Amino acid sequence: MRLSPLLLAAAVALGPAASLAAAAKPPAKPPAAAGKPIFPFPTELKKLPNGLTVLFVTFDSPGLAAFYSLVRTGSRNEVEPGHSGFAHFFEHMMFRGTERYPKEAYDALLSKAGVSNNAFTTDDFTAFHEFGPASQLPLVITLESDRFRNLKYSPDDFRTEARAVLGEYNKNFSNPTEKLDEVLHDLAFDKHPYKHTTMGFKRDIEAMPSLYDYSLEFFHRWYTPDNVTILIVGDFDHAATLAELEKAYGDWKSGAAPPAIPAEPRQTRRKAASYLWDVPTQPRLMLGWHSPAARSDSLDSALQNLLGPYLFGPTSPTFQDLVLDRQLALGLSVAYYDHRDPSLFYLLATLKSDQSFAEVRKALLKAIQDLQAGKVDAKRLEAVKSNLKYSLLNSFDNAEVVAQQLVFAIGPTGDPDALNALFNHIEQVKPADLVKFAKTWFVDPNLSEVALVGAGSKPPPNFPEYKPSPLAAEPKGGAQ
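For reference, each letter of the sequence shown is one residue, going 922 to 1401 in our numbering.
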């Protein structure tokens, strides 16, 4: 499953997103992050000698608890050319079972205990989660520790799941917006694995059935205790649960040092392309600027989380103009979400007609230019801040949501206090900070843009037809 939230509670009708992973060692908390905590529940942080991080959160959910295993590995970690998509693939494989608890036994035990379970993958991490009676935490810990340490699958199981992943890819990318997202990232990135989406390149997914041995290497490389954070939220006995965790995970060993993630070189020229959809569909325009990573000791994440709704959200003049007044666009959404490494701040406009490309693009860029010129509506900025804060707080109505919000906050920074840091930084943002950020990052040489048109429509001028990179191009003769 591939997720798409911004900040789960603060989606403000903005658009697809999903992110995160965590550094093995969190950065020191800077003085700038200090302030009144926004997170309202007591927390307890533990770290086992093998590097496994454990975060307990007390939440008033009588007799219920959520259990999350955050693996700090996503499509960002797929460093070898030709091997994209393995982080998402392993989300699937983790449900194949072990010698002690085969898939059928694993499913039956959780079902009988009244525990629901699932998983999702993002660019930066994979998360496995369970929710149910707190009295069943010992069972959950037993099952989760077993599959994290002793996952076993046959070559036939591997090939079967690889075909299922290819089916998921084909289903997802029958959506023009998903395809547009894939094209933008291939165009914008040259070296960093963010070049491919969480699903991976199609040619790599088609080749997966022949990569059984590599799959074992990938598992042992990234599924290690120092790359995992366990979060438990709800009504449970902390001391007893910690004892269970220590017994189940304590002698889990780390593997060899993983390979380095290649850095993306600075973009020095505008990039543009058009993608031709083979059936009629609404024209779409996607603009993306390279932008800095999320960190607990920087305003960068706060600025980008604010800039989306401020510039292009439903209360913005640009949204009002394009969607409500002139009705040139059916929708306008921002797809920024926090990432561990420098990524993209990008937006999507769905147009009524291919005749509107120039006018819509002009309006989007004018919003950026006005900001760079120092035009900031301070009152509306404060309203956006307030909306983000109270949307988050209003979302805290069950243990599962609390756990998931923490997962998305901890992921890019490795900081268990990342949610507090982010919202304290949001409180500190001033209009001048937005202006400076726009002048630094929202510049023409840093821009990549893609237009998608369906059969019978024309792309805008100066948008040459998309030519996939060698990594993204489908192999001659189809699937291998």
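Even glycine gets a Cβ: it sits at the ideal position worked out from N, Cα and C. All of these numbers come straight from a predicted model, not from anything done at the bench.
Report task. Return the residue from the list Leu-1302, Thr-1239 and Leu-973 that minimises the CA-CA distance to Lys-1174. Result -> Comparing Cα-Cα distances from Lys-1174 to each of Leu-1302, Thr-1239 and Leu-973, the minimum goes to Leu-973.
Query raised in the report: Quick one: what does DSSP say Trp-1198 is sitting in, helix, strand or coil?
Result: Trp-1198 falls in the coil class under three-state DSSP.
Requested in this report: Mind checking which residues open and close the beta strand (DSSP E) that includes Met-1014?
Outcome: Met-1014 -> not in any beta strand (DSSP E); alpha helix (DSSP H) instead, spanning 1007 to 1014.
Query raised in the report: Which residue's Cα is closest to the Cα of Met-1129: Asn-1091, Val-1086, His-1117 and Lys-1116?
Result: With distances taken between Cα atoms, Met-1129 lies closest to Val-1086.
Query raised in the report: Does DSSP classify Ser-1032 as helix, strand or coil?
Result: Helix, per DSSP.
Query - 7 Å CB neighbourhood of Ser-1369 in its chain, flanking five on each side removed - result: In the same chain as Ser-1369, and ignoring 5 residues on each side of it, the C-beta atoms closer than 7 Å to its own belong to Leu-1105, Leu-1108, Ala-1109, Lys-1192 and Gly-1209, in chain order.
Query raised in the report: How far does the alpha helix (DSSP H) with Trp-1362 in it reach, from first residue to last?
Result: Per DSSP, the unbroken alpha helix (DSSP H) holding Trp-1362 starts and ends at 1352 to 1362.
Requested in this report: Would you be able to state if there are at least three C-beta pairs under 8 Å between the region 1108 to 1127 and the region 1004 to 1022?
Outcome: The region 1004 to 1022 makes contact with the region 1108 to 1127; the number of CB pairs closer than 8 Å reaches 3 or more.
Query - Alpha-carbon to alpha-carbon, Lys-957 and Asn-1345 - result: Taking the straight line from one Cα to the other gives about 7 Å.
Query raised in the report: In whole angstroms, what separates the C-alpha of Ala-1320 from that of Arg-1070?
Result: Spanning the two alpha carbons is a distance of roughly 26 Å.
Query - Entirely enclosed alpha helix (DSSP H) segments - the region 1195 to 1252, minimum 4 residues - result: With a minimum length of 4 residues, the continuous alpha helix (DSSP H) runs that stay inside the region 1195 to 1252 are 1221 to 1233.
Query raised in the report: Do Ala-1215 and Asp-1259 come within 8 Å of each other at the CB atom, strictly closer than that value?
Result: Result yes, Cβ atoms of Asp-1259 and Ala-1215 sit closer than 8 Å.
Report task. Examine chain B for any beta-carbon lying closer than 8 Å to the beta-carbon of Pro-1204, and answer yes or no. Result -> You won't find chain B in this structure, because it holds only one protein chain.
Query - Straight-line Cα distance separating Tyr-1257 from Leu-1373 - result: Annotation: Leu-1373 to Tyr-1257 spans about 20 Å, alpha carbon to alpha carbon.
Query - Sub-8 Å separation of Gly-1252 and Thr-1271 beta-carbons - result: Thr-1271 is positioned such that its CB atom lies closer than 8 Å to that of Gly-1252.
Requested in this report: Alpha carbon to alpha carbon, how far is Lys-1273 from Ala-1376? Give it in angstroms, no decimals.
Outcome: Looking at the two C-alpha atoms, the distance is approximately 14 Å.
Query raised in the report: What are the start and end residues of the alpha helix (DSSP H) that includes Lys-1310?
Result: Note, Lys-1310: alpha helix (DSSP H), 1299 to 1316.
Query raised in the report: Going along the chain, which unbroken runs of the alpha helix (DSSP H) with 4 or more residues stay wholly within the region 1054 to 1141?
Result: As for any alpha helix (DSSP H) of minimum length 4 sitting wholly inside the region 1054 to 1141, the runs are 1058 to 1071, 1076 to 1093, 1097 to 1109 and 1123 to 1128, ordered along the chain.
Query raised in the report: What whole-angstrom Cβ distance do Ala-1160 and Thr-1063 have, given they're in contact under 8 Å?
Result: With 8 Å as the limit, Ala-1160 and Thr-1063 do not qualify as a contact, their Cβ atoms being about 18 Å apart.
Query raised in the report: Counting Cβ pairs, one atom from each stretch, are 3 or more of them under 8 Å apart for the region 1353 to 1367 and the region 1088 to 1106?
Result: With the cut-off at 8 Å, the region 1353 to 1367 and the region 1088 to 1106 do not touch.
Query raised in the report: Can the beta-carbon of Leu-976 be found less than 8 Å from the beta-carbon of Leu-1152?
Result: Yes; because the gap between Cβ atoms is below 8 Å, this pair is in contact.
Query - Inter-residue Cα distance where the pair is His-1004 and Gly-984 - result: Taking the straight line joining both Cα atoms gives about 43 Å.
Requested in this report: Report the option in Pro-1380, Arg-1124, Glu-1001 and Pro-1183 whose CA atom is closest to the CA atom of Ala-1194.
Outcome: Among Pro-1380, Arg-1124, Glu-1001 and Pro-1183, the Cα nearest to that of Ala-1194 belongs to Pro-1380.
Query raised in the report: Hey, how far is the Cα of Pro-1186 from the Cα of Pro-1263?
Result: So the two alpha carbons sit approximately 11 Å from each other.
Query raised in the report: Alpha carbon to alpha carbon, what distance is there between Ser-1037 and Phe-1049?
Result: Here the C-alpha atom of Phe-1049 lies approximately 11 Å from the C-alpha atom of Ser-1037.
Query - Bridge partner(s) assigned by DSSP for Phe-1266 - result: Paired residue(s): Trp-1210.
Requested in this report: Identify, in the order they occur along the chain, each residue of the same chain with its Cβ nearer than 6 Å to the Cβ of Ala-953, setting aside the five sequence neighbours on each side.
Outcome: Low confidence applies here, because Ala-953 scores a pLDDT of 42, under 50, leaving its location unreliable; read the following figure in that light. If we look at Ala-953 and ignore the five residues flanking it on each side, it has no Cβ neighbours.
Requested in this report: Count the other C-beta atoms from every protein chain shown that fall within 10 angstroms of the C-beta of Asn-1383, then say buried if there are 16 or more, exposed otherwise.
Outcome: Counting other Cβ atoms within 10 Å of its Cβ, Asn-1383 stays below 16 and is therefore classed as exposed.
Query raised in the report: What does a CB cutoff of less than 8 Å around Asp-1147 pick up in its chain, not counting 5 residues either side in sequence?
Result: The residues Ala-945, Asn-971, Gly-972, Leu-973 and Ser-1175, in chain order, have a CB closer than 8 Å to that of Asp-1147 in the same chain once the five nearest residues on each side in sequence are set aside.
Query raised in the report: From what residue to what residue does the beta strand (DSSP E) around Glu-1370 run?
Result: If you look at Glu-1370, you'll find it in the beta strand (DSSP E) that goes 1368 to 1374.
Query raised in the report: What's the C-alpha gap between Ala-943 and Thr-994?
Result: In this prediction, Ala-943 scores a pLDDT of 26, lower than 50, which makes its location untrustworthy; the coordinate-derived value is nonetheless stated afterwards. Just so you know, the alpha carbons of Ala-943 and Thr-994 end up roughly 8 Å apart.
Query raised in the report: By how many angstroms is the C-alpha of Phe-980 removed from the C-alpha of Phe-988?
Result: Taking the straight line joining both Cα atoms gives about 13 Å.
Query - Of the residues Ala-1288, Lys-1357, Gln-1188 and Gln-1203, the one placed nearest Leu-1220, counting alpha carbons only - result: When only C-alpha atoms are compared, the closest one is Lys-1357.
**Report entry** Whether Ser-990 touches Glu-1065 by CB criterion (8 Å)
**Finding:** Against a cut-off of 8 Å, the Cβ pair of Glu-1065 and Ser-990 comes out as a contact.
Query raised in the report: Under a Cβ-count criterion, where at least 16 other Cβ atoms within 10 Å of its own Cβ denotes burial, should Val-1154 be classed as buried or exposed?
Result: The residue in question, Val-1154, is buried, as its Cβ has 16 or more Cβ neighbours within 10 Å.
Query raised in the report: Cβ atoms of Leu-1245 and Leu-1355: under 8 Å apart, would you say?
Result: It is not a contact, given that the beta carbons lie outside the stated cut-off.
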